[in-house]
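Chains as they are written, first to last, in the working numbering: chain A, 91 to 400; chain B, 599 to 1049.
See below for the structure under consideration.
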Amino acid sequence: MNRIGRHLLSIDDLDRASIERILDRAESFDEVSGREIKKVPALRGRTIVNLFYESSTRTSSSFELAAKRLSADVVSIRSQGSAVDKGESLKDTVQTLSAYDPAAIVIRSPHAGAAGLVARWTPAAVINAGDGKREHPTQALLDVFTLRRRLGSLDGTNIWIVGDVLHSRVARSNILAFTQMGANVTVCGPPTLIPREIEALGCEAATTLDQLDEADVVYVLRMQQERMRDSFVPSLREYAERYQITTARLRPDQVLMHPGPVNRGVELSGEAIDSPQALIGAQVRAGVAVRMAVLYELLVGAPSLAAVAA
Amino acid sequence: MTENTDRLFHRPAEPAELLITGAHVLDPRAGLDEPHDILIRNGQIAELGEPGSLEAPENGDTLDADGIHAFPGFVDPHVHLRTPGQEYKENLETGTAAAAAGGFCAVIAMPNTDPVVDEASVLRALTDTATRRASVPVGFLAAITRNLQGTELTEMAELRDAGALGFTDDGKPVVHAGTLRKALQYQRLCGGVIALHEEDPGLSGDGAMHEGAVSARLGIAGIPSLAESTMIARDAALAGYEDARVHFQHLSCVESVEALEQAKAKGIRVSAEVCPHHLTLTDDMVRTLDSRFKMNPPLRAERDRRALVAALRTGLIDCVATDHAPHASHEKEVPFEEAPMGTTGLETAFAALFTELVLPGELELDVIVQRMTEGAALYGLPIPRIEPGQPANLCLVDLDARFDVGADGYVSRSENCCFHGRMLQGKVLLTLAAGTVAFRTPVAAGIPAVH
């Protein structure tokens, strides 16, 4: 029985029950990650292709580890040095890789909708590992997983997402996932980096940290250097002045998160990163178990949780 | 103002000898809206008569058009025929065949080819090819600036002598007001309407769709409506100052309609066109991330669509233009942000407007028919009329026939049609262009099978 559909392209593909099902599955896989032999035979003999058109450390490595811990054979392809570099189109690359009969293709692309196109061109299950600035659904799932562990439930919690919302796929997937799980989401950042009509996603928008006190959770986004060049912010100094999350701006009971990699001293102060209220390390650890759960739910979807971790 | 007929080019063909019986003739300009026999002799409309009253010409066909509508042939003031240089997308033969299949009896081609039509030699080669390959008459616009760079003017007077109907840098705006001003001044010497693709690149940036709730959701950079409307306001002011004649291409948003209204109210000599896709679709379609819905200007919001329909009804927007923009499938089968801008439109223009606007009661059929022919007058061409003594420029349309767009392929060389897969109603059965049969359905004229 497979309840989450054939692909994972968007958080919109998942209702609350599906998200909970994946997270429950991830809990059992997390237990596996604590063992000395961190492997289960669930995907033995099956092939997972990781196709990354953008540099990525944590997403690609955690997908690779997740597949290996499920005993799958893994092929990881990066655009650099591959046929992609020689001008091969996405369609041809996907059709070529599909000839190896993979069970799943994990794709990261700088362009919105790339994962959806791949799903049209391959019989394999497709997992969106980031498509342009649109979505990064497994990041949102691991963030919900981490928060659920910390808070028990997201129902009624106030979550602030702070920073460059305009260019963030993490923000988009997280707004959808957090609200799906019952949280109230506010996005906050310089007016140049808050998309017009973002409220249509079901969140509120703020341009100062004045009301940050409302937040139970402060989720900070990465601020990229190149945004200065394009005049979205006049300087990183001015950005940090107004929007950097520091321990002084946080109450000790507010939970702090960040999808990584962090620009220490830009969007987050060093002390905030190292403070006990930061869940950044827990987010990374959750990545493997949650991606194992996604692969498992898409490819096996076994009826009982007990059968998996046993 | 019909001095420009000699600036249309097509392949000579045998003049039609034909009797069409019992067609419901709808030609609002001729005041006709009832069944007639239409006798065509030597490529001219010889006679109109009561149904059953006219005799077939010697050696001529008779078409039983009972229950079929006859409209004056449509004129499309904005198509991309991709010749020279991009014949893998479209050429003069396939593009004009697609036009004929859509009921068009004349089209006006844009100069953003490779090379750009910015020299008389390029234009002469094109008009020469058209006289051998075009199945409906084609008029050509030449570039305003060399290589569409927006800096140096083309030899506009020589291009006019070589047959240019007018000028445009379509696909790109003339960014510098000073450059456009000089072109408008020079128009006094050489004539020719100057048509403008209005877009402030500082506002559109690397946008790939309308800026709004959908672009916020998809994380795709947006093109705000005011990228278009502020340029319309600027260029209307320039045209007013220089008493020039300008035409605004493919209006897409309510703010542009307002800017146009102000310009016309001041008596500035401006006109405007709107595309079937902007009249019938919104940016909501882009949620599919199907690159067929990527065009410039982009599909906008419902309030924009409604404002465009209202402006077309009143005639504030003068005419319909398809902006037929073919692209090869390998160019469009890429992620949305990577895909080139443009949709084909010649084969679906009438059916899309009939199905999406006339059937639901948003716009009247006679308005559509008028606006699909009016583009001719803007470029100094005669508007086709179903009247004795006129050259045969008309189309026969079965308003009851439905078709699944693209199911039987396309006449155009490309298949990037934003109406692909839609069930549309109103099928063109026959097109007469410049007195010759330019298109005839494979099905015998009569009522074709309803798919």
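Note that beta-carbon positions come from the ideal geometry of N, C-alpha and C, so glycine has one too.
Model, not experiment: these values are computed from the prediction.
Since I believe residue j is in contact with residue i (beta carbons under 8 Å), could you give me their beta-carbon distance rounded to a whole number of angstroms?
i, j, result
"B/Q847", "B/A793", "5 Å"
"B/L746", "B/G790", "About 17 Å separates the two Cβ atoms, so there is no contact after all."
"A/R148", "A/G350", "6 Å"
"A/V139", "A/L187", "5 Å"
"B/R627", "B/R983", "6 Å"
"B/D916", "B/S869", "5 Å"
"B/L944", "B/V907", "Not confirmed; about 21 Å, so no contact."
"B/A919", "B/D674", "6 Å"
"B/R832", "B/Q785", "17 Å between Cβ atoms; not a contact."
I want to verify the contact list: residues of chain A whose CB lies under 7 Å from the CB of residue i, in sequence order.
i, result
"B/A811", "E287, A290"
"B/L887", "A202, G203, G206"
Compare the C-alpha of residue i against each of the options and name the closest.
i, options, result
"A/S263", "A/G222, A/Y386, A/P351", "A/G222"
"B/L887", "B/V918, B/V932, B/S1012, B/K864", "B/V932"
"A/D233", "A/L385, A/I101, A/D320, A/Q185", "A/I101"
"A/Q334", "A/G135, A/A290, A/R115, A/N353", "A/N353"
"B/H795", "B/A825, B/P980, B/T749, B/L606", "B/A825"
"A/G253", "A/H348, A/R136, A/A376", "A/H348"
"B/E985", "B/P610, B/V907, B/R605, B/G641", "B/G641"
"B/L690", "B/H667, B/V715, B/F669, B/A732", "B/A732"
"A/G203", "B/R898, B/S889, B/F948", "B/S889"
"A/P285", "A/F322, A/Q314, A/I249", "A/F322"
"A/E287", "B/T681, B/A814, B/L961", "B/A814"
"B/D620", "B/G1004, B/M1021, B/L994", "Checking the sequence, you will find Gly at residue 620 of chain B rather than Asp. Of the listed residues, the one whose Cα sits closest to B/G620 is B/L994."
"B/E871", "B/G748, B/L976, B/E688, B/Y839", "B/L976"
"B/K1025", "B/A947, B/P874, B/C873", "B/A947"
"B/A611", "B/R730, B/G647, B/L1022", "B/R730"
"A/R115", "A/D320, A/V184, A/L231, A/I197", "A/L231"
"A/H257", "B/L816, B/Y784, B/L897", "B/L816"
Taking Cβ-Cβ distances shorter than 8 Å, what residues in chain B pair up with residue i?
i, result
"A/L180", "V932, P933"
"A/R312", "Those do not exist, as A/R312 stays about 15 Å from chain B at its closest Cβ, beyond 8 Å."
"A/R259", "G817"
To which residues of the same chain is residue i closer than 7 Å at the C-beta, ignoring the five residues directly before and after it?
i, result
"A/A156", "V378, R381, M382, L385"
"A/A396", "With a pLDDT of only 42 at A/A396, under the threshold of 50, the placement of this residue in the model should not be trusted; the figure read from the coordinates follows. For A/A396, where only same-chain residues beyond five positions count, there are no Cβ hits under 7 Å."
"B/H1049", "Residue placement at B/H1049 is poorly supported in this model, since its pLDDT is 32, which falls under 50; the coordinates still yield a value, given next. Contacts found: R1000, F1001, D1002."
"B/A614", "I638, G641, A990, L1030, G1033, T1034, V1035"
"B/I1045", "Reliability of the predicted coordinates at B/I1045 is poor, the pLDDT of 46 falling under 50, and the value obtained from them is presented with this limitation in mind. Contacts found: G665, D996."
"A/A214", "S188, P192, A193, A194, I195"
"A/V122", "K128, V130, R159, A399"
"B/L652", "L617, D635, L637, E645"
"B/A755", "L787, C788"
"B/G1004", "E1013, C1015, H1018, G1019"
"B/L836", "A775, L778, R779, L782"
"A/S394", "Residue placement at A/S394 is flagged as unreliable, the pLDDT there being 41, under the threshold of 50; the coordinate-derived value follows with that caveat. Once the five neighbours on either side are set aside, A/S394 has no close Cβ partner at all."
Give me, in chain order, the residues of the same chain whose beta-carbon lies closer than 6 Å to that of residue i; leave out the 5 immediate sequence neighbours on both sides.
i, result
"B/L616", "I638, G658, D659"
"A/I265", "V275, L291, C293"
"B/A937", "S889, K892, K930"
"A/N92", "Model confidence at A/N92 stands at a pLDDT of 44, short of 50, so the residue's coordinates are unreliable; what they give is reported in the following sentence. For A/N92, where only same-chain residues beyond five positions count, the Cβ hits under 6 Å are G391."
"B/P1040", "none"
"B/A1042", "Confidence is the limiting factor: at B/A1042 the pLDDT is only 46, short of 50, which leaves the residue's position unreliable and the question unanswerable from this model."
"B/E900", "T880"
"A/R168", "F142"
"B/G693", "L679"
"B/P735", "L606, H608, A704, A1032"
"B/A905", "V852, V855"
"B/A1047", "In this prediction, B/A1047 scores a pLDDT of 40, lower than 50, which makes its location untrustworthy; the coordinate-derived value is nonetheless stated afterwards. Correct list: empty, nothing qualifies."
List the residues of chain A whose Cβ lies closer than 8 Å to the Cβ of residue i, in chain order.
i, result
"B/A814", "P285, R286, E287, I288, A290, L291"
"B/L994", "Residues of chain A passing the Cβ test: none, with the nearest at roughly 39 Å."
"B/E936", "H201"
Using a Cβ cut-off of 9 Å, pull out every chain B residue sitting near residue i, in sequence order please.
i, result
"A/K223", "L816, G817, I818, A819"
"A/R262", "A814, R815, L816, G817"
Starting from the C-beta of residue i, find all residues in its chain whose C-beta is less than 8 Å away, skip the five residues before and the five after it, and write them out in chain order.
i, result
"B/T725", "F607, F738, A760, G761"
"B/E632", "H622, V623"
"A/E154", "N140, V164, S166"
"B/M599", "With a pLDDT of 44 at B/M599, under the threshold of 50, the modelled position of that residue is not reliable, and no figure is offered here."
"A/L244", "V234, L237, R238, F268, M271, G272, A273"
For residue i, which residues in chain B fall below 7 Å Cβ to Cβ?
i, result
"A/A204", "P933"
Just to make sure I have the definition right: I need the residues of chain A whose C-beta is within less than 9 Å of the C-beta of residue i. Which are they?
i, result
"B/H928", "S179, K181"
Whole runs of the alpha helix (DSSP H) within the segment 722-788 of chain B, excluding any shorter than 4 residues: 754-759, 775-788
So within the segment 270-340 of chain A, which uninterrupted alpha helix (DSSP H) runs reach at least 4 residues, ignoring any that extend past its ends? 316-319, 326-333
So within the segment 923-964 of chain B, which uninterrupted alpha helix (DSSP H) runs reach at least 4 residues, ignoring any that extend past its ends? 927-930, 947-951
Could you name each continuous alpha helix (DSSP H) segment of 4 residues or more that falls completely within the segment 896-925 of chain B, going from the start of the chain to the end? 900-912
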